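Reviewing the structure listed below.
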């Protein structure tokens with residue numbers, strides 16, 4: 001910091017110009033750092049690059065261990081994949097699909113929103129620094145970093161929140177859809193006709209799941225096979241329950257067994273699974289209630305139960321001495 005002050009002091013005579021020059025350098029450095037991290041992670045985690053690298057290794061007959069650079073890239077890719085805020089394009093595209101944004105321009109719109117917010121954050125930092133000129137240099141750098149970094153990370157946080165909320169809604173409506181699908185198939189409807197009927201029935205109660213089922217039926221009518229349409233349905237939702245349903249239906253189609261019987265067996269197994277999850281949550285409830293009771297209920301109980309006796313003892317001891 002002293003070096004920057006000395007450098008800009010040799011260029012400008014006005015201390016105000018020196019301060020604004022330091023702010024500009026801090027803002028540009030923050031933007032460049034955020035963009036560099038984003039490009040680094042997206043480039044390392046690129047599946048196309050990994051696929052081309054594996055093909056080249058096969059063509060060259062490579063059988064040795066991976067070199068140090070490959071190990072570092074793999075480690076960084078794993079850290080980026082487990083990070084609460086993943087900046088890779090593949091992860092962002094997956095979250096957009098899970099959030100229900102299936103448009104081809106969704107990725108471009110999201111990147112544009114992130115860029116606009118980044119510019120707004122930079123402008124807000126300039127406005128704050130102009131309104132509070134008495135801030136110290138270090139505090140001003142913190143303000144710029146906070147506003148610019150927050151503006152860059154906010155879209156990813158909101159997108160993760162929306163995707164998680166939609167996946168929760170899909171999971172909530174899946175048991176009802178499964179029961180209706182079993183009833184429709186046992187009544188004599190085919191798989192696609194049953195899905196179409198279930199989508200109409202769930203249009204009001206579970207619109208997100210109904211739209212996904214409608215999309216599956218539309219893709220099958222457009223010429224996709226049932227297996228491919230169901231696999232895309234699984235990828236769009238990202239739920240293990242729907243993945244299990246897809247596996248059961250695909251196995252039934254491959255082996256030639258009845259769809260209704262397969263769905264009935266899967267429904268019974270899924271009902272038992274939900275019952276076990278409910279029992280597990282109920283068993284954890286007693287442990288989770290310990291800390292709220294210790295912090296909220298027990299202090300009040302001791303004050304009411306022991307408080308009068310303590311006051312009386314203090315009064316007696318006060319009279320005695």
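Residue numbers (full-length UniProt numbering): 1 to 321. The beta-carbon is built from N, C-alpha and C at its ideal position, and this holds for glycine as well. From a predicted model like this one, the values you see are computed outputs, not experimental measurements.
TODO: Taking residue 244 as part of the alpha helix (DSSP H), name the residues at either end of that continuous run.
DONE: 240 to 255
TODO: Assuming residue 243 and residue 232 form a contact by the criterion Cβ under 8 Å, report the distance between their Cβ atoms to the nearest whole angstrom.
DONE: Wrong, their Cβ atoms sit about 12 Å apart, outside the cutoff.
Open item on the list: So, at 7 Å on beta carbons, what are the nonlocal neighbours of residue 316 in its own chain, with the 5 sequence-adjacent residues on each side left out?
Closed with: none
TODO: Work out the CA separation of residue 305 and residue 157 for me, nearest whole Å.
DONE: 47 Å
Open item on the list: So, at 8 Å on beta carbons, what are the nonlocal neighbours of residue 254 in its own chain, with the 5 sequence-adjacent residues on each side left out?
Closed with: none
TODO: Check the Cβ-Cβ distances between residue 111 and every residue of chain B, and say whether any is below 7 Å.
DONE: In the displayed structure, chain B is absent; only one protein chain is listed.
- [ ] Kindly list the residues whose CB is nearer than 8 Å to the CB of residue 312, restricted to its own chain and excluding five residues on each side of it in sequence; keep chain order.
- [x] none
Open item on the list: As a quick exercise: from 112, 186, 210, 128, pick the residue whose alpha carbon is nearest that of residue 100.
Closed with: 210
Open item on the list: Quick check: the Cα distance between residue 126 and residue 148, rounded to an integer number of angstroms?
Closed with: 11 Å
TODO: Taking residue 151 and residue 121 to be in contact with their CB atoms under 8 Å, please state how far apart those CB atoms are, rounded to whole angstroms.
DONE: 3 Å
Task: Three or more C-beta pairs below 8 Å linking the segment 178 to 194 and the segment 279 to 299 - done: no
Task: residue 179 versus residue 275 - alpha carbon distance - done: 15 Å
Task: CA-to-CA distance, residue 262 to residue 245, given in whole angstroms - done: 10 Å
Open item on the list: Our contact map puts residue 163 next to residue 206 with C-beta atoms below 8 Å; I'd like the distance itself, whole angstroms only.
Closed with: Not a contact, Cβ separation roughly 17 Å.
Task: Pairwise C-alpha distance: residue 237 and residue 116 - done: 29 Å
Open item on the list: Tell me which residues share the same chain as residue 195 and place their Cβ nearer than 8 Å to its Cβ, disregarding the 5 neighbours each side in the sequence.
Closed with: 181, 213, 216, 217
- [ ] Sort 248, 301, 260, 167 by Cα distance to residue 193 and report the nearest one.
- [x] 260
Open item on the list: Which complete beta strand (DSSP E) runs does the segment 141 to 197 hold, if anything under 3 residues is left out?
Closed with: none
Open item on the list: Please classify residue 118 as buried or exposed, where buried requires at least 16 other C-beta atoms within 10 Å of its C-beta.
Closed with: buried
TODO: Rounded to whole angstroms, what's the CA-CA distance from residue 176 to residue 269? Just pull it up for me.
DONE: 15 Å
- [ ] Report the option in 277, 252, 169, 278 whose CA atom is closest to the CA atom of residue 266.
- [x] 252
- [ ] Flag this pair as yes or no: are the beta carbons of residue 208 and residue 166 separated by less than 7 Å?
- [x] yes
TODO: Return the chain-ordered list of same chain residues with a C-beta closer than 7 Å to the C-beta of residue 95, the five sequence neighbours on each side being excluded.
DONE: 159, 160, 163
Task: Distance, residue 234 Cα to residue 224 Cα - done: 15 Å
Task: Under 7 Å between C-beta atoms of residue 250 and residue 227 - done: yes
Task: Member of 102, 241, 222 whose CA lies at the smallest distance from the CA of residue 171 - done: 241
- [ ] Could you check if residue 258 is buried or exposed, using at least 16 other CB atoms within 10 Å of its CB as the buried criterion?
- [x] exposed
Task: Through-space distance from residue 197 to residue 203, alpha-carbon basis - done: 10 Å
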